[in-house]
Amino acid sequence: MPSIQLKTPIPGPKSQELLARRAAAVSAALYQSVPIAYARASGSLVEDVDGNILLDLVGGIGALAVGHAPAAVSQAIQAQAEKYLHVCPIVANYEPYIEVCEQLNAITPGDYPKKTLLANGGAEAVENAVKLARAYTKRPAIICFEGGYHGRTNLTMSLTSKYGLFKKGFGPFAPEIYRLPLPNLYRTPPGMTEEHYLEWSLWNLENALIAQVDPSAIAAILIEPIIGEGGFIPVPTPFLQKIREICDRHNIVMIADEIQCGFGRSGKLFAIEHTGVVPDLIITAKSLAAGTPLSAVTGRAEILDAPHLGGVGSTYGGNPLACVAALEAIKLINRPETLANAAGIENKVRTTFEPLQAEIPVMGDIRGRGAMMALEFVKDPLTKEPWPEFVISVIQKCTTRGVLLLRAGLYSNCIRLLPQLDIPSDQLQEGLDIMAGAMVETYQEMGK
639 MPSIQLKTPI PGPKSQELLA RRAAAVSAAL YQSVPIAYAR ASGSLVEDVD
689 GNILLDLVGG IGALAVGHAP AAVSQAIQAQ AEKYLHVCPI VANYEPYIEV
739 CEQLNAITPG DYPKKTLLAN GGAEAVENAV KLARAYTKRP AIICFEGGYH
789 GRTNLTMSLT SKYGLFKKGF GPFAPEIYRL PLPNLYRTPP GMTEEHYLEW
839 SLWNLENALI AQVDPSAIAA ILIEPIIGEG GFIPVPTPFL QKIREICDRH
889 NIVMIADEIQ CGFGRSGKLF AIEHTGVVPD LIITAKSLAA GTPLSAVTGR
939 AEILDAPHLG GVGSTYGGNP LACVAALEAI KLINRPETLA NAAGIENKVR
989 TTFEPLQAEI PVMGDIRGRG AMMALEFVKD PLTKEPWPEF VISVIQKCTT
1039 RGVLLLRAGL YSNCIRLLPQ LDIPSDQLQE GLDIMAGAMV ETYQEMGK
């Protein structure tokens, strides 16, 4: 029996009513991808306010690796809520905060003494990582990369690519940010092989230390091991190795932003583990705490200890409810069977869509790792001109058929998949089949 059960057209009348209330009460600048309103959710299934059961392949933009409302997490939050709701680590000590830090120190890559600092969300953690790196090195500059996304505060927006969507009208931006090209092998320039493109990217990274900023001024190099908002691009291992080598040579802090790609999403606990490269700091959020607001910076103890006493802090960072949620989420994610299932999701996605590329040649690329996959659509497979309108049409069709999806990509021409890591196989295949049907229909309407 299908998991998706639709009682009304999507959106139903109650969802439409809430859409109208939202339009009247909420900032119009806040985008909404799918036009439904949740009533309740469990695992990978969502019941909207009209009684429709839909399949969630968005996962709160990657924040729900353990799915919606896992019992262990909900029970831990309820039990903690009966003890105390808030402390603030600046005021006093409490065990859940310490235990989360201990867990992160133990499971993150790197065989060296570690410490952790907790915050509320990803952008705040990125801000803290930059502060820590600057305090440790006594240098101002940060290198980041095209396609990267690191948040929406002024500093993290400065570090973020994709100007039109995330940055237009919000300047001036923070100084001492140096953005370099990132090798997206699907978009290898005409006339170059992938090998030559990667070699050029490595040369350009090295050359930037002369052309753009001297190494003596660089505090950190910040990179997502799998580019998230930029289109789920796994960064080639040699590129990450070059970053590590440059950081070692010049005493620069290497920061891995694993906010979206971490916590099992790639089939390993942390995406950078696929490469063997070990960063100095690693930033986590999203699925760290099963969708509750918690983020962390974990890394070399001497870097975490570099600022003066009182130089870091957060009123709500490391909230007790989020901390106990994180402790349970880590247990659920860091199991061999969960990680193996996440890795297997990639195979199911590829075996579903790769055979369709001959029928739908505008499906230019299928990429990602594990349960972090993207499909990129182009008007012409040779010119690779982005086709965001095709993606919008597919997502709209899928929404009306009960599958929740979201766009991604520097050109907004990718469909991203961020399912629950242990989503039942039949539910995943049901969703992928609906996607495939919507793609075929859209190509028949728009592509021929």
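According to my numbering, the sequence shown holds residues 639 to 1086 in order.
Yeah, the Cβ is synthetic: ideal placement off N, Cα and C, and Gly gets one too.
Legend entry - Neighbourhood of residue 949 by C-beta, 6 Å cutoff - its chain only, sequence neighbours within 5 removed: If the five residues before and after residue 949 are omitted, its C-beta is found closer than 6 Å to no C-beta atom of its own chain.
Legend entry - Residue nearest to residue 705 in terms of C-alpha spacing, selected from 852, 1062 and 940: 1062
Legend entry - Complete alpha helix (DSSP H) runs within the stretch 772-845 (minimum length 4 residues, chain order): Within the stretch 772-845, the alpha helix (DSSP H) runs of at least 4 residues that lie entirely inside it are, in chain order, 792-797 and 801-804.
Inset, instruction - Kindly list the residues whose CB is nearer than 7 Å to the CB of residue 840, restricted to its own chain and excluding five residues on each side of it in sequence; keep chain order. - result: 876, 877 and 880
Legend entry - Span of the alpha helix (DSSP H) around residue 969: 958-971
Inset, instruction - Please determine if the stretch 1054-1069 and the stretch 1034-1046 are in contact, where contact requires at least 3 C-beta pairs separated by less than 8 Å. - result: yes
Legend entry - residue 662: first and last residue of the uninterrupted alpha helix (DSSP H) it sits in: 651-663
Inset, instruction - Measuring alpha carbon to alpha carbon, tell me which of 861, 660 and 945 ends up nearest residue 916. - result: When only C-alpha atoms are compared, the closest one is 861.
Inset, instruction - Give me whichever residues DSSP pairs with residue 892 in a beta bridge. - result: Beta-bridge pairing links residue 892 to 859.
Inset, instruction - Measure the CB-CB distance between residue 938 and residue 750 and report whether it falls below 7 Å. - result: yes
Legend entry - CA-to-CA distance, residue 723 to residue 954, given in whole angstroms: 10 Å
Inset, instruction - Mind reading off the beta-carbon distance from residue 1005 to residue 824? Whole number of angstroms is fine, and I expect it under 8 Å. - result: 7 Å
Inset, instruction - For the alpha helix (DSSP H) holding residue 988, just list the boundary residues, first then last. - result: 974-991
Inset, instruction - State buried or exposed for residue 1035, treating a residue as buried only when at least 16 other CB atoms are found within 10 Å of its CB. - result: That one is buried.
Legend entry - N-terminal and C-terminal residue of the alpha helix (DSSP H) that residue 593 is part of: Lying outside 639 to 1086, the shown extent of the chain, residue 593 is not represented and no answer is given.
Legend entry - Limits of the beta strand (DSSP E) - the one that residue 921 falls within: 919-922
Legend entry - Option in 765, 890, 662 and 836 with minimal Cα separation from residue 847: 890
Inset, instruction - Taking residue 934 and residue 942 to be in contact with their CB atoms under 8 Å, please state how far apart those CB atoms are, rounded to whole angstroms. - result: About 11 Å; that fails the 8 Å criterion.
Inset, instruction - Check the C-beta distance from residue 873 over to residue 859 and give it rounded, since I have them as a contact under 8 Å. - result: Rounded, the Cβ-Cβ distance is 12 Å, inconsistent with contact.
Inset, instruction - Please report the residue range of the alpha helix (DSSP H) in which residue 1052 lies. - result: That residue, residue 1052, is in no alpha helix (DSSP H); its beta strand (DSSP E) goes 1052-1055.
Legend entry - Best match in 857, 870 and 897 for proximity to residue 887 [C-alpha to C-alpha]: 857
Legend entry - Three or more C-beta pairs below 8 Å linking the stretch 971-988 and the stretch 1006-1022: yes
Legend entry - Cross-strand partners of residue 1047 (DSSP beta bridge): Paired residues: none, contrary to the question.
Legend entry - Buried/exposed call for residue 867, threshold 16 Cβ in 10 Å: buried
Inset, instruction - Report yes or no: do the stretch 750-767 and the stretch 824-838 share at least 3 C-beta pairs separated by less than 8 Å? - result: Short answer: they don't touch.
Inset, instruction - Note down, in chain order, each residue of its chain lying with its Cβ closer than 6 Å to the Cβ of residue 966, except the 5 sequence neighbours on either side. - result: 710, 711 and 714
Inset, instruction - Count the other C-beta atoms from every protein chain shown that fall within 10 angstroms of the C-beta of residue 905, then say buried if there are 16 or more, exposed otherwise. - result: buried
Legend entry - Pairwise C-alpha distance: residue 1002 and residue 1022: 7 Å
Inset, instruction - Would you mind stating whether residue 930 and residue 960 have Cβ atoms separated by less than 7 Å? - result: yes
Legend entry - Chain-order list of residues whose beta-carbon lies under 7 Å from that of residue 719 (same chain, five-residue window excluded): For residue 719, where only same-chain residues beyond five positions count, the Cβ hits under 7 Å are 959.
Inset, instruction - Examine the Cβ distances between the stretch 777-790 and the stretch 804-814 and report whether three or more of them are shorter than 8 Å. - result: Inter-segment contact for the stretch 777-790 and the stretch 804-814 is present: three or more beta-carbon pairs are separated by less than 8 Å.
Legend entry - Three-way DSSP call (helix, strand, coil) for residue 949 in this model: coil
Legend entry - Residues of its chain near residue 979, where Cβ-Cβ distance is below 7 Å and the 5 sequence neighbours each way are ignored: 1059 and 1060
Inset, instruction - Quick one: residues in its chain with C-beta nearer than 6 Å to the C-beta of residue 767, no 5 flanking neighbours on either side, listed in chain order? - result: Result list for residue 767: 893, 919, 921 and 935, in chain order.
Legend entry - CB-CB length for residue 845 against residue 785, believed under 8 Å: Rounded, the Cβ-Cβ distance is 19 Å, inconsistent with contact.
Legend entry - Those residues which DSSP pairs with residue 681 across a bridge: Its beta-bridge partners are 706.
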